[in-house]
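Here is the structure we will look at.
Residue numbers (the numbering used here): 1 to 188.
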């Protein structure tokens, strides 16, 4: 994962005002009240996904598309949803992203997921949900995993949810993180 992150030019995903600071291990604002996660967080979530080539991955919260590019570089098919129209439109025009046909961009409500394209091998959520979204669990394959920061307030628990054969869920709790909240609906 770190080798992949090391070869992606992070400064392309940020306002040019950040310059070399773009490579610092911290989050930055990207507009619309959203942030690009710090590289450590991107690596942490990606590692928890335990990706294999050619998997189908649903990403909730495209943001700058940095995480989506990391996933695509890992050899998976990425379906990513953004609820902020301005960020969605910016990504459609971003020349670098045209080099990644494995990423499919959608404008919509992340809480609804993309049932028409599922089921997914993995789901990654890049915003804090107050609880595990049932509609997204339904879109996971049996044996599939979801990585999600869960909790209200400033600090969330990073969780990995595995969907078992009998429909039960295995929940694993990892470190604490701080994410922007996951919001429903679409924002013009």
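Just so it is clear, CB atoms sit at the ideal spot from N, CA and C, and this is done for glycine as well.
Discussion item. Am I right that residue 70 and residue 8 are in contact with their C-beta atoms under 8 Å? What's the rounded C-beta distance?
Written reply: 6 Å
Discussion item. Between residue 163 and residue 140, how many whole angstroms is the CB-CB distance? I'm expecting something under 8 Å.
Written reply: 5 Å
Item to complete: Report the three-state DSSP secondary structure of residue 51 (helix, strand or coil).
Response: coil
Practice prompt. Assign residue 89 to one of three DSSP states: helix, strand, or coil.
Written response: helix
Practice prompt. Using the DSSP secondary-structure output, state which residues sit across from residue 181 in a beta bridge.
Written response: 128
Worksheet item: Mapping DSSP to helix, strand and coil, what is residue 193?
Response: No information on residue 193 is available, as it lies outside the stretch 1 to 188 that the chain covers here.
Worksheet item: Buried or exposed: where does residue 87 fall if 16 or more other Cβ atoms within 10 Å of its Cβ makes it buried?
Response: Residue 87 should be labelled buried.
Discussion item. Tell me the residue span of the alpha helix (DSSP H) that contains residue 134.
Written reply: 134–138
Item to complete: Please list the segments of the alpha helix (DSSP H) lying wholly inside the stretch 139–180, counting only runs of 4 or more residues, in order along the chain.
Response: none
Worksheet item: So the alpha helix (DSSP H) residue 77 belongs to, where does it begin and stop?
Response: First-last for residue 77: 77–82, but that is the beta strand (DSSP E), not the alpha helix (DSSP H).
Worksheet item: Going by the beta-carbon positions, is the gap between residue 182 and residue 127 smaller than 8 Å?
Response: yes
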